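Just so you know, the protein sequences line up as chains A and B, in that order. Going by the working numbering, the letters in the first sequence line up with residues 10 to 268, in that order. Going by the working numbering, the letters in the second sequence line up with residues 1310 to 1559, in that order. Ideal Cβ placement from N, Cα and C applies to all residues, glycine included. These numbers come from a predicted model, not from an experiment. To start, the structure under review is shown below, and the notes come after it.
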Amino acid sequence: MNLFPALTASLDATLRDVLPITVVIIVFQVFVLRRSIADWPRVVLGFGCVLAGLAVFLVGLEAALFPLGEAMAQQLAKPEFVAAGEDFASDARLPWHRYRWTYLFAFAIGVSTTIAEPALIAVALKASEVSGGAIRAWGLRLAVALGAGIGVMLGSFRIVTGYPLPYFIIVGYLIVIVQTYFAPKQIIPLAYDSGGVTTSTVTVPLVAALGLGLAGNVPGRDPLVDGFGLIAITALFPVVTVMAYAQLAAWRNAPRGRE
Amino acid sequence: MNPVDWKPLFLLFAGPLWRSARDLLPIVVVIGVFQTLVFQHPLENAGQLLAGLGLVIVGLSLFVVGLEIGLFPLGQQMANDFARKGSIPWLVAFAFALGFGTTFAEPALIAVAGKAAALAALGQAGEANEAMRQSYALILRMTVALAVGVALVVGVLRIVMGWPLHYLIMGGYSLVMVLTPLAPNEIVGVAYDSGGVTTSTITVPLTAALGVGLASSIKGRNPLLDGFGLIALASLTPIVFVLLLGILRG
């Protein structure tokens, strides 16, 4: 891969991505708020850094990590690999537990891509700033990553078994509803936000490749139909783990022996 | 304009560079371990791999520095200005424009809409297929963009009025549960996924700064309790809207 054209293409795509935001901000700043931005050269420099950074980041991902990750996801789902050398009829469905490497990979890739997700870094920074350090950025990110790992794993299990997607989503919602009742109030909005934040630049391409690989290789699955839904499950479980993290922290800090 | 003082800029980068390297480490370990232990493949193209990793680390650091000096202060300041202006209609208009505009142009959404359109046009052949795909993808993108616009409007109104977030989210969840069995089967997966892909890497920091900024500049609001939640709403409303689209068209 030639890096220079890739870089300009990526910069072009990122620019197109931020164009609407820039237009909206400038129009409101000039016509509605009618105030100049304090220290605007610094803000413009910052915007430039964000743009250039994201473009460079994406080129690097595409040169280094995406091809390997995608190839692996495809390979892990192949029946020859899952059957591990034993005899099998090529159109036979393998039992769900034979896919253990796939589940392990799904979990690991969910956790590790979420740790590197720039949008999550941003939200964690903001949360730690606003809470005066009471919510630690690193702890929050680990909790979200754990949830995303569980989500990708469950999503892969669903594609292998073919259980309907709504069951998983509705059970997830029910857990969230019960937890909302018991979790510390301060964490709730942040926990809800963490779901949408997880599924972004780094996670979506790799998770989508895994879904596509599985749906294309497991007999009886259609990549067009069963490939959908993995992102939704991935976005749901971080809500659960972030609330659980706060509940655990509150429970550990609570004075013992009362009640 | 004053000459740029380069020394603090360099110091500004040292921390983020180290942290970015640390953030990337897990993916490298996962891929490395699976490649060597499970597939027992040597890594090919080690040079390109290293160059790519270097770019990823530099890019992530630039992004984080840019957040701190550009996006966060901007979101904060706009929130303060809107609060000082005190005009709710303009705030609502801004929220809608921000949500609709950024989502309609979102590359991840364009990709998902394209795939969903291919699914919808499965039965058609030739030109009819092409025409149906294009109109379907456009309608889907409009629907999701509208949903995110509405979500940000509800979200900022919530911050201004102080409505508790969890009632809104529970209401949304219940709506999803009621609508799911009514919607055609093939739209359900598309609908659920469209919630996850709408929140892009540049929109997220800006809306977070905006929400927290609004909550800090309005009396009686707690930035932690009231400032977050915009992203949650923006990932929930697309599910509801796309399910409704499926029901109306089905």
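Residues in the same chain with beta-carbon distance under 8 Å from L1545(B), minus the five sequence neighbours each way, listed in chain order, please. If we look at L1545(B) and ignore the five residues flanking it on each side, its Cβ neighbours are A1460, I1478, G1481, Y1482, V1485 and G1504.
Ends of the alpha helix (DSSP H) at F116(A)? Note, F116(A): alpha helix (DSSP H), R109 to I124.
Just to confirm, is the Cβ distance from T122(A) to T212(A) under 8 Å? Judged by beta-carbon spacing, T212(A) lies within the 8 Å limit of T122(A), meaning their Cβ atoms are closer than that value.
At 7 Å on the CB atoms, spell out the chain B contacts of Q272(A), in chain order. Since the displayed chain A opens at 10 and closes at 268, residue 272(A) lies outside it and no answer follows.
What would DSSP say about F1405(B), mapped onto helix, strand or coil? For F1405(B), the secondary structure class from DSSP, reduced to helix, strand or coil, is helix.
Quick check on DSSP: helix, strand or coil for F1348(B)? Residue state, collapsed to three classes: coil.
Judging by CA-CA distance, which residue of R1530(B), G1408(B) and R1558(B) is the nearest neighbour of P1547(B)? Out of R1530(B), G1408(B) and R1558(B), G1408(B) has the C-alpha closest to the C-alpha of P1547(B).
Using a Cβ-Cβ cut-off of 6 Å (strictly less than) and excluding sequence neighbours within five positions of I159(A), which residues of its own chain qualify? Excluding residues within five positions, the ones whose Cβ falls inside 6 Å are F246.
Would S1526(B) pass as an interface residue toward chain A - the criterion being a Cβ-Cβ separation below 8 Å? Chain A contact via Cβ: absent.
Would I1511(B) pass as an interface residue toward chain A - the criterion being a Cβ-Cβ separation below 8 Å? Answer yes: the Cβ-Cβ gap between I1511(B) and chain A drops below 8 Å somewhere.
Can you tell me the Cβ-Cβ gap for A152(A) and T23(A), rounded? I've got them flagged as a contact below 8 Å. Going by Cβ atoms, the distance from A152(A) to T23(A) rounds to 29 Å, so no, they are not a contact pair.
Is the beta carbon of P104(A) within less than 7 Å of some heavy atom of the ligand FMN? Absent from the structure shown: the ligand FMN. Ligands present: none.
How should N226(A) be labelled, buried or exposed, when 16 other C-beta atoms within 10 angstroms of its C-beta is the threshold for buried? By the 10 Å Cβ count, N226(A) comes out buried.
Is there contact here, the region 1457-1476 of chain B with the region 1435-1444 of chain B, by at least three beta-carbon pairs under 8 Å? They do not touch, by the three-pair rule.
Is the beta carbon of A1392(B) sitting closer than 8 Å to the one on I1527(B)? Taking 8 Å as the Cβ cut-off, A1392(B) and I1527(B) qualify as a contacting pair.
Residue from P29(A), V216(A), E126(A) and A18(A) whose Cα sits closest to the Cα of W147(A): The shortest CA-to-CA distance from W147(A) to any of P29(A), V216(A), E126(A) and A18(A) is the one to E126(A).
Taking 8 Å as the CB-CB cut-off, is W110(A) touching chain B? Cβ-Cβ to chain B under 8 Å: yes for W110(A).
Rounded Cβ spacing between S209(A) and S1509(B) (contact assumed at less than 8 Å): Rounded, the Cβ-Cβ distance is 7 Å, consistent with contact.
Roughly how many whole angstroms lie between the Cα atoms of T189(A) and L199(A)? For the pair T189(A) and L199(A), the Cα-to-Cα distance works out to about 12 Å.
Inspect the beta-carbon positions of P1335(B) and V120(A) and report whether they are closer than 8 Å. Going by C-beta atoms, P1335(B) is nearer than 8 Å to V120(A).
Put T1508(B) into one of helix, strand or coil per three-state DSSP. In the structure shown, T1508(B) falls within a coil segment according to DSSP collapsed to helix, strand and coil.
Please name the residue in A72(A), A241(A), F166(A) and V53(A) whose C-alpha comes closest to that of A86(A). Closest by alpha carbon: F166(A).
Could you name the residues of chain B that L174(A) contacts, counting a contact when the two beta carbons are closer than 8 Å? Identification of chain B residues near L174(A) by a Cβ-Cβ cut-off of 8 Å yields V1497, G1498 and Y1501, ordered along the chain.
Give every residue of the same chain whose Cβ lies closer than 7 Å to the Cβ of Y201(A), excluding the five residues on either side of it in the sequence, and list them in chain order. So the list reads V248, once near-sequence residues are dropped.
Use the C-beta contact count for E268(A): other C-beta atoms within 10 angstroms, 16 or more gives buried, fewer gives exposed. The predicted position of E268(A) is uncertain, since its pLDDT is 41 and thus under 50; no value can be drawn from it.
Exposed unless 16 or more other CB atoms sit within 10 angstroms - verdict on M1310(B): With a pLDDT of 45 at M1310(B), under the threshold of 50, the modelled position of this residue cannot be trusted; read the value that follows with caution. With fewer than 16 other Cβ atoms inside 10 Å of its own Cβ, M1310(B) counts as exposed.
Just the C-alpha distance for V59(A) and G1375(B), rounded to the nearest angstrom, thanks. Roughly 5 Å between the two C-alpha positions.
M1486(B) CB to nearest chain A CB: under 8 Å? Residue contact with chain A for M1486(B): present (Cβ-Cβ distance below 8 Å to some residue of chain A).
Whose C-beta lies closer than 6 Å to the C-beta of A255(A) among residues of the same chain, with five residues either side of it excluded? Only A192, P193 and I196 meet the Cβ criterion.
Residue closest to G1379(B), alpha-carbon to alpha-carbon, out of H106(A), I46(A), A73(A) and G204(A): Of H106(A), I46(A), A73(A) and G204(A), the residue nearest in Cα terms is I46(A).
Below 8 Å between beta carbons: does that hold for A1456(B) and F1550(B)? A contact, by the Cβ cut-off of 8 Å.
Through-space distance from V39(A) to A1406(B), alpha-carbon basis: Rounded to whole angstroms, A1406(B) and V39(A) show a C-alpha spacing of 15 Å.
With a threshold of 8 Å between beta-carbons, can L1333(B) be considered close to chain A, or not? Cβ-Cβ to chain A under 8 Å: yes for L1333(B).
For D21(A), would you say it is in contact with chain B, using Cβ-to-Cβ distances shorter than 8 Å as the test? At a cut-off of 8 Å, the C-beta of D21(A) has no neighbouring C-beta in chain B.
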